[in-house]
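Asks: Chains as they are written, first to last, in my numbering: chain P, -2 to 111; chain R, -19 to 96.
#1: Between R:12, R:87 and R:86, which lies nearest to residue 51 of chain R when the distance is taken from Cα to Cα?
#2: Tell me the DSSP bridge mates of residue -8 of chain R?
#3: Can you find the residues in the same chain that come closer than 6 Å, C-beta to C-beta, to residue 23 of chain R, ignoring five residues on each side of it along the sequence?
#4: For residue 89 of chain R and chain P, any beta-carbon pair shorter than 7 Å?
#5: Please report the straight-line C-alpha distance between residue 47 of chain P and residue 64 of chain R, rounded to a whole angstrom.
#6: Below 8 Å, can you find three or more Cβ-Cβ pairs linking the segment 35 to 49 of chain R to the segment -15 to -8 of chain R?
#7: For residue 21 of chain R, return the contacting residues in chain P, with the cut-off set at a CB-CB distance below 9 Å.
#8: Which residue from P:20, P:74, P:32 and P:91 puts its Cα closest to that of residue 26 of chain P?
#9: With C-beta atoms as the reference, is residue -4 of chain R less than 7 Å away from residue 44 of chain R?
#10: Within the 7 Å Cβ cut-off, does residue 74 of chain P reach chain R?
#11: With a threshold of 7 Å between beta-carbons, can residue 70 of chain R be considered close to chain P, or not?
#12: Can you tell me whether DSSP reads residue 84 of chain R as helix, strand or coil?
#13: DSSP three-state label for residue 83 of chain P, please.
#14: If you measure from the beta carbon of residue 78 of chain R to each beta carbon in chain P, is any gap under 7 Å?
#15: Using Cβ-Cβ distances below 7 Å, what residues of the segment 22 to 41 of chain R are close to chain P?
#16: I need the boundaries of the beta strand (DSSP E) containing residue 23 of chain P, first residue and last residue.
#17: Residue 98 of chain P versus chain R: which residues are under 8 Å apart at the beta carbon?
#18: Taking all protein chains shown into account, do 16 or more other C-beta atoms lie within 10 angstroms of the C-beta of residue 111 of chain P, making it buried, or fewer, making it exposed?
#19: If you follow the beta strand (DSSP E) that residue 0 of chain P is in, where does it begin and where does it stop?
#20: Would you identify the three-state DSSP class for residue 66 of chain R, choosing helix, strand or coil?
#21: Where in the segment 4 to 82 of chain R do unbroken runs of the beta strand (DSSP E), each at least 3 residues long, occur, reported from the N-terminal end onward?
#22: For the segment 36 to 50 of chain P, which residues have a CB atom closer than 8 Å to at least one CB atom of chain R, in sequence order?
#23: For a test of the three-state rule: what should DSSP assign to residue 13 of chain P, helix, strand or coil?
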């Protein structure tokens, strides 16, 4: 069975603060993929990143960065210098080699106040 | 191709009625997924197709739910005898799975179902 846990239900920060969203996963697969999606108020899921379980290099894309630690089964997401437009619900998800479909966490709602 | 399209965007129905949703995936994609998302939760997997074959159904998909993907193109999700607990956002996604695995998912905007 696969499971994704996002323990932070809601986070509120002030614009320009850095914020980290936590994601912990469980899987028995040795090969798997981890994803982050953003869901703004419009409702559409917007793809942010896909990471292979064999690639533990951290990744940075503009103000976004991801820290993958296989030893702790975590795939955390940091937004640097947050902006109001970052306000959304963020989902972490896992795809194993068995089902080949996504298992989502329950999401973290991020509110960035001006 | 403009992405994954879902129709309708919103549906309000009376308890006991049948409803059908449609999903048009990205044309090059060979996989199509249905998810359900309730308020404050992440999307939950319902079923998926590879081309026209339905490969897996979740335990969430009761006998009142049926999905089809004729000819491996668009898909329909039908809910018979709707119940208030069926109220949710129904999301469709498509992807291409090839030699090196799944190349990523594209989600539609969803169909929001309200059962009154």
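Note that beta-carbon positions come from the ideal geometry of N, C-alpha and C, so glycine has one too.
Given the structure is predicted, the values throughout are model-derived calculations rather than measurements.
Replies: According to the structure shown:
#1: Comparing alpha-carbon positions, the option among R:12, R:87 and R:86 lying closest to residue 51 of chain R turns out to be R:12.
#2: Beta-bridge partners of residue -8 of chain R (DSSP): R:94.
#3: 15, 17 and 71
#4: yes
#5: 35 Å
#6: no
#7: Taking the beta carbon of residue 21 of chain R as reference, the chain P residues within 9 Å of it are 101, 103 and 104, listed in sequence order.
#8: P:91
#9: Against a cut-off of 7 Å, the Cβ pair of residue 44 of chain R and residue -4 of chain R comes out as no contact.
#10: Not one chain R Cβ lies under 7 Å of residue 74 of chain P.
#11: No, because no Cβ of chain P sits closer than 7 Å to the Cβ of residue 70 of chain R.
#12: Strand.
#13: In the three-state reduction of the DSSP assignment, residue 83 of chain P falls in the helix class.
#14: no
#15: 22, 23, 25, 28 and 36
#16: Unbroken beta strand (DSSP E) run through residue 23 of chain P: 21 to 23.
#17: Chain R residues near residue 98 of chain P: 13, 25, 28 and 36.
#18: exposed
#19: 0 to 2
#20: helix
#21: List check, beta strand (DSSP E) in window: 11 to 17, 24 to 30, 33 to 37, 45 to 48, 55 to 59 and 68 to 78.
#22: 39, 40, 41, 42, 44 and 47
#23: coil
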